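Taking it in order: structure first as structure tokens, then the write-up.
In this note's numbering, the protein residues as written are 3 to 115.
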């Protein structure tokens, strides 16, 4: 009769072991994760549309119009994504320029020695 508290069972149920197995599986099967994530996002979008079908009014500066709430939410999310991507691009550009300046400074210091 196997021991209920054996060392093998305890090691297999440790959180780090479970996480390590999940990460290894994710590395071996990235397509499955992409499909699962795509499915979850699609279901979330469909639920957003179904639950927010009523019309809403938007007043911004001199613009006034009515549209289904889900369209306004999607436009807001798209605007947020654009701002996010622009900020990432700006951050990467600043890091690249900083690296180039440091390389130039290092080369200049090497010449003067």
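Glycine included, each C-beta is placed from N, C-alpha and C at the ideal position. Being a predicted model, the structure only gives us computed values, none of them experimental.
Kindly indicate which three-state DSSP category residue i falls into: helix, strand or coil?
i: residue 60; result: strand
How big is the Cα-Cα spacing for residue i and residue j?
i: residue 45; j: residue 36; result: 14 Å
i: residue 52; j: residue 82; result: 22 Å
i: residue 2; j: residue 97; result: Past the edges of the chain, shown from 3 to 115, lies residue 2, and the structure says nothing about it.
i: residue 105; j: residue 90; result: 22 Å
i: residue 21; j: residue 86; result: 29 Å
i: residue 94; j: residue 73; result: 31 Å
i: residue 102; j: residue 92; result: 15 Å
i: residue 41; j: residue 34; result: 10 Å
i: residue 79; j: residue 25; result: 29 Å
What are the start and end residues of the alpha helix (DSSP H) that includes residue i?
i: residue 112; result: 71 to 113
With C-beta atoms as the reference, is residue i less than 8 Å away from residue j?
i: residue 71; j: residue 54; result: yes
i: residue 75; j: residue 67; result: no
i: residue 57; j: residue 38; result: no
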